[in-house]
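*Asks:*
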Amino acid sequence: METLMSILVGILFSIGTYLILTKTLLRIILGTSILGHGVNLLIITMGGLKKGGPPLLGIKNLTYADSLPQALLLTAIVINFATTALFLVLSYRAYKVLGTDNTEQLRGIENE
Amino acid sequence: MNNLVILPIIIPIIAGMIMVIFRKSIKLQRFLSVFSTIAISIATLLLIIQIHTKGIQTLHLGGWKAPFGVSMVADMFSSLLILVTSIVSLCCLLFAFHSIGKERESNYFYPLFLFLITGVNGSFITGDIFNLFVCFEVMLVASYVLISLGGTRIQLSESIKYILINIISSFLFLVAIAFLYAMTGTLNFAHLSLRVAEVGQEGLMTTVAILFLIVFSLKAGLFLFFWLPGSYSVPPTAISAIFAALLTKVGIYAIIRVFTLVFYHEPEVTHLLIGILAAVTMLLGAIGAVAFWDIKRILTYNVIVGVGFILAGVASFTTEGMTGSLYYLIHDMIVKALIFLLGGTIIHLTGTSKLKEISGLIRLHPGLGWMFFIAALSLSGIPPLSGFLGKIFITEGTFEAGYFWLGGIGLFTSLMVLYSIMKIFMNVFWGYTDLTEEKEKGTTKGLMLPIGILTIITISLGLGAEGIHNYVDNAVEGLMNPSLYIEAVLGNNLGQ
């Protein structure tokens, strides 16, 4: 299972990197989003996948699954969500004001 | 357990949230922002006194003991930085009152400013690496908005690059955290330090350390600073001053914390790498500072030189070098804010940032001119001022560690820094005065107070270095001896 997840993470990372290297802003944002999913999967894989029962007091088990990576993941997802939303809004505004979403043309913009 | 520890985070975030509700009443926002920065300074002063007498103070949130819960740790190093942060942010706020403009003020400038301070203070005080990431994000999201606040064309195009760079570096940070967690099974700094010492810092661990170094270098502008000159020169003066003073310093703090507390076992790999990066950073920054004829560009390249110089002391990994880095870090936060505010005042007065279009300002503004002169001398470390001690100690430390090239480059680049700043001074203040009071674009009314405060601080830090000597020594002792930190955080739980 871990091997499969690692391969999936690798695929997500390469897709994300490819999208970030393109010129359109929207593709770049999608790229960061996909990269974010890859990172989240990496965190959950690194914590070890399912090695025992749920970490609840009432359930008697010899081993419990590690709940820390899931807590980390939850925080990371929220932050990723917030930055992606901000980035989308900002790029929309930039498209409106600057009249382009091509990163080549965004270079060397002077003030007013 | 000490509840004072949480105050530097709680005060600005509560004040910020109250301000979001009262968007229209700018007077209340101004009062509340000044009040909260002063309150943070007082709380931190109390904390510093306690740390000095009783040792490192910790707070385990919710009563969950160290490796399991979230812990806040205030040692002398982080408390000193928080104190300087709140002084600098107070001055930048005072500057913003008269220069930022109604529109930005009514569009949540003050709450965002306080959220930025929350993130900065949080990064300084947190005791585990994941909360470091969270506080970084709090700070960065606030800075994304501050950089694009106002929405001029150049601000929008620069902030897109800034956000993209920081999002990618945040992902790298998470990747590094994931690998670290897989290898050690903990994220608490003190616990990490123990585990890494146990397992030994072998190849893979050093690789993770270097991944962390890359992430923090991106934030600090160490070598990977290509995003910095653009994004620091587009926002209004008060904002770029607080960025120059605080944002890169958080990255530097993280590098110092991680590489003195956790990954200190292989200095011949990691610390040498920091040294090489610092040397290249200083050279490239100094070349940039000398090459440009635009006030904002010269000042932003000076930020980069400062980062390289502070980390040169860290790279030496000796007590002298660390002491120097700490002195210089404190000095740099104050003097960078000062020089950005001065540069901003010049631009505010003349309406241009091109050196060749300004001359003879000293006839009309002698006070501004002489304060700029003092700041310039302080920036390049001329003896009675605050930069000198740090420079001496860092150079001594690098020589002691055998990195003569590093110390040499440091001294050489400070000459270039002096030249670049003197170029501004001579062009702007000397020469033929073609400006009259009527032709000026703005006034210095109200802007001189924060600049004066910072000038006085930089002079008194230089003259009264004995006064803070004890505290800096205390902080360096904590950095060079990780067991103090570990004992303070974990206490009796050492066996686990």
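Each protein sequence line maps, in turn, to chains A and B. Those letters in the first sequence? Residues 4 to 115, per the working numbering, in order. Those letters in the second sequence? Residues 160 to 655, per the working numbering, in order. Even glycine gets a Cβ: it sits at the ideal position worked out from N, Cα and C.
(1) Note down the Cα distance separating Leu205/B from Pro641/B, rounded to an integer number of angstroms.
(2) Measuring only between beta-carbons, confirm whether Ala3/A sits less than 8 Å from chain B.
(3) Residue range of the alpha helix (DSSP H) that Gln108/A falls in?
(4) List, in chain order, every chain A residue whose beta-carbon is nearer than 7 Å to that of Tyr110/B.
(5) Near Arg658/B, what residues of its chain come up, given a Cβ to Cβ distance below 7 Å and the 5 sequence neighbours on each side ignored?
(6) Residues in the segment 66–81 of chain A with C-beta within 9 Å of chain B's C-beta atoms, listed in sequence order?
(7) So for Asn633/B, helix, strand or coil by DSSP?
(8) Is there at least one Cβ from chain A nearer than 8 Å to Ile506/B's Cβ?
(9) Given this structure, state the Cα-to-Cα distance separating Asp632/B from Leu339/B, to the nearest angstrom.
(10) Starting from Ser579/B and walking both ways along the beta strand (DSSP E), at which residues does that stretch end?
(11) Compare the C-beta of Tyr267/B with all C-beta atoms of chain A and state if any pair is closer than 8 Å.
(12) Expressed to the nearest angstrom, what Euclidean distance is found between the alpha-carbon atoms of Thr681/B and Gly650/B?
(13) Run through the segment 329–387 of chain B for me and flag every whole alpha helix (DSSP H) of 4 or more residues, listed as ranges in chain order.
(14) Between the C-alpha atoms of Pro542/B and Ala471/B, what's the straight-line distance to the nearest angstrom?
(15) For Thr217/B and Met178/B, what's the separation of their Cα atoms in angstroms?
(16) Would you call the CB atoms of Met231/B and Thr277/B closer than 8 Å?
(17) CA-CA distance, Ala624/B and His490/B?
(18) Could you check which residue in Gly344/B, Gly434/B, Asn161/B and Leu166/B has the C-alpha nearest to that of Gly222/B?
(19) Measure from the alpha carbon of Ser328/B to the alpha carbon of each residue in Leu370/B, Thr603/B and Gly465/B, then state which is nearest.
(20) So what does Gly56/A bridge to, in DSSP terms?
(21) Could you tell me the distance, in whole angstroms, from the CA atom of Leu52/A to the CA atom of Ser70/A?
(22) Please report the distance separating the alpha-carbon of Glu115/A from that of Thr311/B.
(23) Helix, strand or coil: how does DSSP classify Leu218/B here?
(24) Check whether the segment 477–486 of chain B touches the segment 506–514 of chain B, taking contact to mean three or more Cβ pairs, one atom from each stretch, closer than 8 Å.
(25) Could you tell me the distance, in whole angstroms, from the CA atom of Ser41/A to the CA atom of Leu15/A?
(26) Mind checking if Ile31/A is an interface residue toward chain B, Cβ cutoff 8 Å exclusive?
(27) Quick one: list the residues of chain B neighbouring Thr27/A, beta-carbon separation under 7 Å, in chain order.
(28) In this structure, how does DSSP classify Ala233/B when only helix, strand and coil are distinguished?
(29) Which partner residues does Lys513/B have in the DSSP bridge list?
(30) Could you tell me if Thr602/B is buried or exposed, where buried requires 16 or more neighbouring beta carbons within 10 angstroms of its beta carbon?
*Replies:* Inspection of the coordinates gives the following:
(1) Taking the second sequence and counting its residues from 1, one reaches residue 205/B at position 46. Taking the second sequence and counting its residues from 1, one reaches residue 641/B at position 482. Those two C-alpha atoms are separated by around 24 Å.
(2) In this structure chain A extends from 4 to 115, so residue 3/A is not present and cannot be described.
(3) Translated into the one-based positions of the first sequence, residue 108/A becomes position 105. Per DSSP, Gln108/A belongs to the alpha helix (DSSP H) from Thr106 to Leu109.
(4) Given that chain B is displayed from residue 160 to residue 655, the structure contains no residue 110/B and the question cannot be resolved.
(5) It is not possible to answer for residue 658/B, since the shown part of chain B is limited to 160 through 655.
(6) Asp69, Leu71, Pro72, Ala74, Leu75, Thr78 and Ala79
(7) Position 474 of the second sequence holds residue 633/B. Looking at Asn633/B - three-state DSSP - the assignment turns out to be helix.
(8) Taking the first residue of the second sequence as position 1, residue 506/B is located at position 347. Output row for Ile506/B: interface = no.
(9) Position 473 of the second sequence holds residue 632/B. Position 180 of the second sequence holds residue 339/B. C-alpha separation (whole angstroms): 31 Å.
(10) Numbered from its first residue, the second sequence carries residue 579/B at position 420. Taken as a continuous stretch (DSSP letters only), Ser579/B belongs to no beta strand (DSSP E), being part of the alpha helix (DSSP H) at Phe563 to Phe588.
(11) The residue you call residue 267/B lines up with position 108 of the second sequence. It does not: the Cβ of Tyr267/B has no partner Cβ on chain A nearer than 8 Å.
(12) Residue 681/B lies beyond the residue range present for chain B, which begins at 160 and ends at 655; the question has no answer from this structure.
(13) 348–358 and 362–379
(14) Within the second sequence, numbered from 1, the residue matching residue 542/B stands at position 383. Within the second sequence, numbered from 1, the residue matching residue 471/B stands at position 312. When rounded, the distance between both Cα atoms is 20 Å.
(15) Within the second sequence, residue 217/B is the residue found at index 58, counting from 1. Within the second sequence, residue 178/B is the residue found at index 19, counting from 1. Distance between the alpha carbons of Thr217/B and Met178/B: 29 Å.
(16) As a working note, residue 231/B is residue 72 in the second sequence. As a working note, residue 277/B is residue 118 in the second sequence. Taking 8 Å as the Cβ cut-off, Met231/B and Thr277/B do not qualify as a contacting pair.
(17) Taking the first residue of the second sequence as 1, we reach residue 624/B at position 465. Taking the first residue of the second sequence as 1, we reach residue 490/B at position 331. Straight-line Cα distance between these residues: approximately 11 Å.
(18) The residue given as residue 222/B occupies position 63 in the second sequence. Answer by Cα proximity: Asn161/B.
(19) For the purposes of this step, residue 328/B is identified with residue 169 of the second sequence, where counting begins at 1. Nearest of Leu370/B, Thr603/B and Gly465/B to Ser328/B, Cα basis: Leu370/B.
(20) As a working mapping, residue 56/A is identified with position 53 in the first sequence. BP columns for Gly56/A point to Tyr67/A.
(21) Here residue 52/A refers to the residue found at position 49 of the first sequence. Here residue 70/A refers to the residue found at position 67 of the first sequence. Taking the straight line joining both Cα atoms gives about 11 Å.
(22) Here residue 115/A refers to the residue found at position 112 of the first sequence. Here residue 311/B refers to the residue found at position 152 of the second sequence. With a pLDDT of 47 at Glu115/A, under the threshold of 50, the modelled position of that residue is not reliable, and no figure is offered here.
(23) On the second sequence, position 59 is the one that residue 218/B refers to. Leu218/B falls in the strand class under three-state DSSP.
(24) no
(25) Mapped onto the first sequence, residue 41/A falls at position 38. Mapped onto the first sequence, residue 15/A falls at position 12. The sequence given here has Gly at residue 41/A, not Ser. Going from the Cα of Gly41/A to the Cα of Leu15/A covers about 5 Å.
(26) Within the first sequence, numbered from 1, the residue matching residue 31/A stands at position 28. For Ile31/A, the answer is yes, since a Cβ of chain B falls inside 8 Å of its Cβ.
(27) If you number the first sequence from 1, residue 27/A lands on position 24. Within chain B, no residue comes near Thr27/A; the closest Cβ sits about 12 Å away, beyond 7 Å.
(28) To locate residue 233/B, count along the second sequence from 1; it is residue 74. Ala233/B carries a strand assignment under DSSP once its states are collapsed to helix, strand and coil.
(29) As a first step, residue 513/B must be located in the second sequence, where it is residue number 354. Bridge partners of Lys513/B: Asp453/B.
(30) Your numbering for residue 602/B matches position 443 in the second sequence. Counting Cβ neighbours within 10 Å, Thr602/B comes out exposed, since fewer than 16 surround it.
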